[in-house]
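Have a look at the structure below before the remarks.
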Amino acid sequence: MRRIEFYMRVIEKAGATGALLASGEAVTLRFPTGDRRSTQITPHEQLVDLVRDVAPPLVLDQIDASRQAQFELDSGGYRYLIDVQPQRGHWQVFIEMSAEVPEIAAPVEPLAYSESRRTQAPRIPQMTPPTAMSVAPRQHQPTGGYPVATRDHASAPVRAHRPSQEMSPLPVRQQRPSDRMPVARYQRPSERVPIIRKSESVSGVLPPPPPPDDTVMIIERGQYDAPRGVQTSSGSPLLDLLTANARAENASDVYLIAGHAPYMRVNGQLMATTVRSVLDPEQLSREIGIVAPVEVR
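For the sequence shown, the tail end lands on 297 under the numbering used here, and the numbers increase by one without skipping.
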């Protein structure tokens, strides 16, 4: 970036029409409403250097002869007029924004015009007609099913394109085992092997498997789950509490075993519920009787 372009950017950002730089004086920005002085002072040596960096040779000759000179400079999409008034030991440089620099359009390829109608016509490459030549008759040779190329005295020689080998069908790509999309098998919650964490069991001891004749109740989450925030009622406050607790923890099953506290399965692991009291057989049978159908009772 040239040093004089710093003042050009200041003019653009401030919305001014120009700037006046004088040796040893503050920079003055010019607006349609009046001039405004800045606190920045331009030394004489700096002013001379920034002009000599961008001035053409003919302009420098006039400046060296202590004569006023002007030249134009394009920067940042604008054209600036630089007016230099040199005096011994004191210069005045006026930078004025004159106009915007027009964008240079891309060169257009010339078109060929028809001489008869003066209309646009595409370029046609020049072609030379083939010379007539006598060809001795040749005996027909087997071509394997392909047409024989013929030519006469008035036309250009024509070559028959014969493939080097017969076309063969594209090979069928066999699907490798690694390319097949894996299909996940859905496993019902009752088929999963429960994993019980000791730290989350009710009594600190893993509950033993219930005997065959013992009362066991398993509550599984159905396929069509109720939306969150909807309170359901089964008639049993205990079962409603356990169901709400399981729904809040996103559990898949709730286990009720006589002689143990209720626990539920969350992400394949068994954990305790908010009900820490041990269920006796009578209480568990009573709770089952509330929600079980008549034929099951």
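Ideal Cβ placement from N, Cα and C applies to all residues, glycine included.
Next item on the list: Run the CB neighbour count on Leu21, radius 10 Å, all protein chains shown included, and call it buried at 16 or more, exposed below.
Entry: buried
Next item on the list: With a 10 Å radius around its C-beta and 16 neighbouring C-beta atoms as the bar for buried, classify Leu284 as buried or exposed.
Entry: buried
Next item on the list: Would you mind working out which of Pro57, Pro32 and Arg2 sits nearest Gly76, comparing C-alpha positions?
Entry: Arg2
Checklist line | Phe6 classed as buried or exposed, judged by whether at least 16 other C-beta atoms fall within 10 angstroms | finding: exposed
Next item on the list: Could you check what DSSP says for Pro237 in three-state terms: helix, strand or coil?
Entry: helix
Next item on the list: Look at the Cβ atom of Ala258, then the Cβ atom of Leu279, and state whether they are nearer than 7 Å.
Entry: yes
Next item on the list: May I ask which residues mark the beginning and end of the alpha helix (DSSP H) holding Arg52?
Entry: His44 to Arg52
Item checked: Selected residue, minimal CA-CA separation from Glu25, among Arg9, Glu12, Tyr255 and Thr42 -> Thr42
Note to self: Run through the DSSP bridge pairs and tell me what His260 is partnered with.
What the structure shows: For His260, which the question treats as bridged, DSSP gives no partner whatsoever.
Margin query: By the DSSP assignment, the beta strand (DSSP E) with Ser75 in it spans what residues?
Written below: Ala69 to Ser75
Checklist line | CA-to-CA distance, Val291 to Arg263, given in whole angstroms | finding: This sequence places Tyr at residue 263; Arg is not what is there. If you take the alpha carbons of Tyr263 and Val291, they lie about 19 Å apart.
Check: Thinking C-beta only, is Ala55 closer than 7 Å to Arg79?
Finding: no
Notebook entry, point to check: Hey, how far is the Cα of Thr119 from the Cα of Val93?
Noted result: No answer about Thr119 holds up, because its pLDDT of 48 lies below 50 and its placement is not dependable.
Check: Terminal residues of the continuous beta strand (DSSP E) containing Pro293?
Finding: Note, Pro293: premise wrong, no beta strand (DSSP E); not H, not E.
Check: Taking the C-alpha atoms as reference points, what is the distance between Glu287 and Leu239?
Finding: 8 Å
Notebook entry, point to check: Would you report the Cα separation of Leu206 and Ser236, rounded to the nearest angstrom?
Noted result: Confidence at Leu206 is low in this model, with a pLDDT of 46, below 50, so its placement is unreliable and the value that follows should be read with caution. If you take the alpha carbons of Leu206 and Ser236, they lie about 27 Å apart.
Margin query: Let me confirm a value: Ser23 is counted as buried when at least 16 other C-beta atoms fall within 10 Å, else exposed. Which label applies?
Written below: buried
Check: Less than 7 Å separating the beta-carbons of Ile95 and Ala19?
Finding: yes
Check: Grouping DSSP H, G and I as helix and E and B as strand, with all else coil, what is Leu29?
Finding: strand
Margin query: Cutting at 6 Å between CB atoms, please list the residues of its own chain near Ser66, excluding the five before and the five after it.
Written below: Pro86
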